[in-house]
Every structure is written in C-alpha cells, then in structure tokens.
Amino acid sequence: MKSIFIFVIGALSGVLGAYLLFSMRPPEPVASVAIVTQPAPPPQEAVVAPPSPPSAGVIAPAAPPYELVPPGAAPAPIPVPALIPVPAVTAAPPAPPSPAAASPQAVAPAAAAPTAVSVDKARVGSLLMPVAGINARQLSDSFNQVRGAERHEAIDIMATRGTPVFAVDDGRIAKLFNSKPGGLTIYHFDTAEKIAYYYAHLDRYVAGLADGQRVKRGDLIGYVGSTGNANPTAPHLHFAIFELGPEKRWWQGTAINPYPLLIAPDSK
Ligand SMILES: [Zn+2]
Numbered sequence: 015m016k017s018i019f020i021f022v023i024g025a026l027s028g029v030l031g032a033y034l035l036f037s038m039r040p041p042e043p044v045a046s047v048a049i050v051t052q053p054a055p056p057p058q059e060a061v062v063a064p065p066s067p068p069s070a071g072v073i074a075p076a077a078p079p080y081e082l083v084p085p086g087a088a089p090a091p092i093p094v095p096a097l098i099p100v101p102a103v104t105a106a107p108p109a110p111p112s113p114a115a116a117s118p119q120a121v122a123p124a125a126a127a128p129t130a131v132s133v134d135k136a137r138v139g140s141l142l143m144p145v146a147g148i149n150a151r152q153l154s155d156s157f158n159q160v161r162g163a164e165r166h167e168a169i170d171i172m173a174t175r176g177t178p179v180f181a182v183d184d185g186r187i188a189k190l191f192n193s194k195p196g197g198l199t200i201y202h203f204d205t206a207e208k209i210a211y212y213y214a215h216l217d218r219y220v221a222g223l224a225d226g227q228r229v230k231r232g233d234l235i236g237y238v239g240s241t242g243n244a245n246p247t248a249p250h251l252h253f254a255i256f257e258l259g260p261e262k263r264w265w266q267g268t269a270i271n272p273y274p275l276l277i278a279p280d281s282k
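Set out below in structure tokens:
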C-alpha cells in the first residue's frame, strides 16, 4: 500500500514537473507572415453594347472601391516618349501592397439621386464630358450594375475608336498604367489631390503624356479604344471617379458615380 502511495506521488510530481517545464518554455516565435491579399480579378462585364462574337463579350476594367488595379501587378512598359518636359513631381512609389482596407461603401440608390448628386458635386465639382462629341443624353448609368461578383462602379461611354478623350478636370497625371483588365489607363488626380479620375481601355495616350504631368480641364490626353478586356467590337471609355484615401494611393479609393456629374447641366 505504501509503495502504491509513493508511486502515485511520484507519478503526480512527474506530471507536474512536465507541466511546469512545458509552461515555462518561452513562447514560440510567431513567424511573421505578410499576408498579401491580392484583389480578386475583376469580373468580366456584361456587354453594354452591340452584339458581339462569343469570344469577346466583355468590357471591364478593374473592380472598384477597389483596388483599381492589383497593386502587385507590374506595369507593362508603355512606349510613351516623353516629349514634353515634366516638372519633377515627387510621386512617391506605390507603397507595398496591403490588404484592401476599403470596404465597398454603400452608395445611395438611384432613387436618392438628388441628395447623392449634391453631395458628389460638392466633392467633385462639375466635370467636362471626357469623350469628344458625346452629350449627356447618350449616357446611361451603369454604376450599380452587378457584373460578375462586383458592381461596375463606373460609366461606359461608347464611341468610335480613336475619338479624343479629354481631362475632365484640372490636376495632374498620377499614373499611366497598362493593366490586364483596363488596358491602357490614366489615373488623374484633381488639383486638391482628393479625387482620382480613371480612364480605361484607351487605344493610346496623346503623344508625350507622362506621369506627373499637369493637365487642364479639356486637355487631350488619349483616345478611345478597347485595350484590356473590352470587347474589340465595342470600343468605349470606361470612366470612374474615386475619392482618395489619406495615403493618396492611385489604385485605391471609394467609388463615386460619374453619371450624375456628367449629366449635370454645367458639365460640358
Ligand atoms: Zn466599364
């Protein structure tokens, strides 16, 4: 009996010892794994325009609020000769990709347009129609259209390939970028650097256009095309507006519907 008791005591102290030994081990260092969440590739858009061959049914640049372009994607070299001397704007290189912080904000439904318009106008002001020869009646609001898993959050302005594209506002060219969905694109910041305008599927840039270049409302900046995942038989300008976050990242912001701003009477 005594030996059993001693055995039990021994076993218990063994367990206790093992427990103490274990609990006193320094914590395992946690491997610092940078979790890089690449935004999902944007859904392909439904066709907005003429019937198309089965292969090419889609128009659509990146999905908004949106990493407009996956930050990790390496820009393809864009053959734009810098003919125009560019003021040395110190554009900080894009920060390393971070998890997309911006969650899509609820946007007022179309029914609440009057309020939405005035709020957006206060932020954005009046804009020039970005495509030559287009008037407000030719536009349709596809901002809230769901294409794939994402909202469109842009407007598609159909026009003949090569139609001039104008800067809608004063500001500077924040980034010329060639992306898989958007093709040749321009990210244009307004003067206050609070708003970014995004022009996608361009056929080409105007000669000499360069990062950092100052632009005036109405300046010719490019030409309508179907680069990226646009339907080649339906060239158009995919035009988006987004409010920049405090970091002023050209690929990140909160989408604003361009439609009410472009059909406003003082937008021309
Ligand atoms: Zn579009």
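Numbers 15 to 282, taken from my numbering, label the letters of the sequence shown in order. Every residue gets a Cβ at the ideal spot worked out from N, C-alpha and C, and that includes glycine.
With a threshold of 8 Å, the Cβ atom of Asp170 counts as near ligand 1, since some heavy atom of the ligand is closer than that.
DSSP lists Met172, Gly239 as the beta-bridge partner residues of His250.
Within its own chain, the residues whose Cβ lies closer than 6 Å to the Cβ of Asp184, once the five positions on either side in sequence are excluded, are Thr205, Lys230, Arg231, listed in chain order. Taking 8 Å as the cut-off, one finds no heavy atom of ligand 1 near enough to the beta carbon of Ala210.
Thr174 is classed as exposed because its beta carbon has fewer than 16 other beta carbons within 10 Å across all chains shown. Residue side-chain check: Ala214 places its Cβ nearer than 8 Å to a non-hydrogen atom of ligand 1. DSSP places Pro178 in no alpha helix (DSSP H) but in the uninterrupted beta strand (DSSP E) bounded by 178-180.
For Arg218, same chain residues with a beta-carbon under 8 Å away, outside a window of 5 residues either side, are Leu198, Gly236, Tyr237, Gly239 in chain order. Sorting Leu234, Gln152, Phe191, Ala254 by C-alpha distance to the C-alpha of Ala181 places Leu234 at the top. Residue pairing from DSSP leaves Asp183 without any beta-bridge partner.
By the C-beta criterion, the segment 150-157 is judged not to be in contact with the segment 255-267, since fewer than 3 inter-stretch pairs fall below 8 Å. From the listed residues Pro195, Gln227, Ala188, the smallest Cα separation to Thr241 is found for Pro195.
In terms of Cβ geometry, Ala168 and Ala254 form a close pair [threshold 9 Å].
Counting only the Cα atoms, Ser140 lies some 24 Å from Leu190.
By the CB criterion at 9 Å, Tyr201 and Pro144 fall outside the cutoff.
The three-state secondary structure of Val133, taken from DSSP, is helix. As computed with DSSP, Gly222 is found in no beta bridge at all. Look at His166: its beta carbon is less than 8 Å from one of the heavy atoms in ligand 1.
Judged by DSSP in its simplified three-state form, Arg231 adopts coil rather than helix or strand.
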